[in-house]
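In our numbering, the protein residues as written are 7 to 266. Even glycine gets a Cβ: it sits at the ideal position worked out from N, Cα and C. Below is one structure, written out as structure tokens, with a few remarks after it.
What follows is the structure, encoded as structure tokens:
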């Protein structure tokens, strides 16, 4: 995996840096989009966070390493055409972290997913946005799309719908595993990195790894999932060794550049 990581950094230095978008962040949940965006930024990506107007100031206070675009609102829905204008030129988009289940945010997230499919952009769907997927016809999925459910969200998705072959799932849990859109197991990811403590923000850090790496590892989605999951666990494990029970999402971020 280290050789693949070296290839990634050589690519972004000599060819093109990833251009990533994070869609999420509301008044109640401002940390999640920061963990995802900061992770991608630490991995060399140019990142923009599309969040609610009420959360923009808090998210900006966490970091100056990414741009903020406060276009989500409780009294308005961001339409598909608007998303296509905003996201044109991005290489990957993460939708859902810190989104909440407010109806207008849900609808805006769904429109963003459709826009990604229209623009043929790699789309990563996480957290609250997963609960809105049954409002979409599975036929709209035509480009590389990654869903990142935990075990409860995975069970919820199984009950509601199946997805076409361009959709891959990364089931987060004690053992991370990749599934196809029919929910058939592809591979479980063995790892030597295990932390006795799981803290808030860990899944968002994983989303940041997927955001940055998806631009380079386009031809092998399963390897993309494996390398992102493995390096997330490595960062968490190293952070736990130093911080023990004081481990937080902010502490994980401190170890990202030391492991790649």
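Assigned exposure category for residue i - 16 Cβ within 10 Å defines buried
{"i": "residue 13", "result": "exposed"}
{"i": "residue 232", "result": "buried"}
{"i": "residue 107", "result": "exposed"}
{"i": "residue 126", "result": "exposed"}
{"i": "residue 81", "result": "exposed"}
{"i": "residue 266", "result": "buried"}
{"i": "residue 227", "result": "buried"}
{"i": "residue 34", "result": "exposed"}
{"i": "residue 22", "result": "exposed"}
{"i": "residue 179", "result": "exposed"}
{"i": "residue 114", "result": "buried"}
{"i": "residue 250", "result": "exposed"}
Separation of residue j from residue i, as counted between CA atoms
{"i": "residue 154", "j": "residue 130", "result": "7 Å"}
{"i": "residue 61", "j": "residue 208", "result": "20 Å"}
{"i": "residue 128", "j": "residue 247", "result": "34 Å"}
{"i": "residue 69", "j": "residue 31", "result": "14 Å"}
{"i": "residue 159", "j": "residue 177", "result": "9 Å"}
{"i": "residue 40", "j": "residue 245", "result": "18 Å"}
{"i": "residue 7", "j": "residue 223", "result": "12 Å"}
{"i": "residue 203", "j": "residue 157", "result": "17 Å"}
{"i": "residue 50", "j": "residue 218", "result": "8 Å"}
{"i": "residue 96", "j": "residue 42", "result": "16 Å"}
{"i": "residue 193", "j": "residue 167", "result": "21 Å"}
Proximity below 9 Å, CB of residue i to CB of residue j
{"i": "residue 211", "j": "residue 241", "result": "yes"}
{"i": "residue 169", "j": "residue 138", "result": "no"}
{"i": "residue 201", "j": "residue 253", "result": "yes"}
{"i": "residue 195", "j": "residue 173", "result": "no"}
{"i": "residue 142", "j": "residue 120", "result": "yes"}
{"i": "residue 285", "j": "residue 24", "result": "With the chain represented from 7 up to 266, any question about residue 285 goes unanswered, as that position is not in the structure."}
{"i": "residue 99", "j": "residue 72", "result": "no"}
{"i": "residue 213", "j": "residue 28", "result": "yes"}
{"i": "residue 44", "j": "residue 191", "result": "no"}
{"i": "residue 46", "j": "residue 26", "result": "yes"}
{"i": "residue 124", "j": "residue 151", "result": "no"}
{"i": "residue 236", "j": "residue 264", "result": "no"}
{"i": "residue 103", "j": "residue 78", "result": "no"}
{"i": "residue 93", "j": "residue 122", "result": "yes"}
{"i": "residue 37", "j": "residue 255", "result": "yes"}
{"i": "residue 149", "j": "residue 117", "result": "no"}
Residue i Cβ short of 8 Å to the ligand FMN heavy atom set
{"i": "residue 89", "result": "Ligands in the displayed structure: none, and consequently the ligand FMN is not present."}
| request: Enumerate, from N- to C-terminal direction, the unbroken beta strand (DSSP E) stretches of 3 or more residues contained entirely within the stretch 94-162. | output: 98-101, 128-131 and 151-153
| Sequence ranges, alpha helix (DSSP H) only - wholly within the stretch 47-90, length at least 4 | 62-68
| request: Identify every run of the alpha helix (DSSP H) within the stretch 176-232, keeping only runs that are complete inside it and at least 4 residues long; order them along the chain. | output: 208-219
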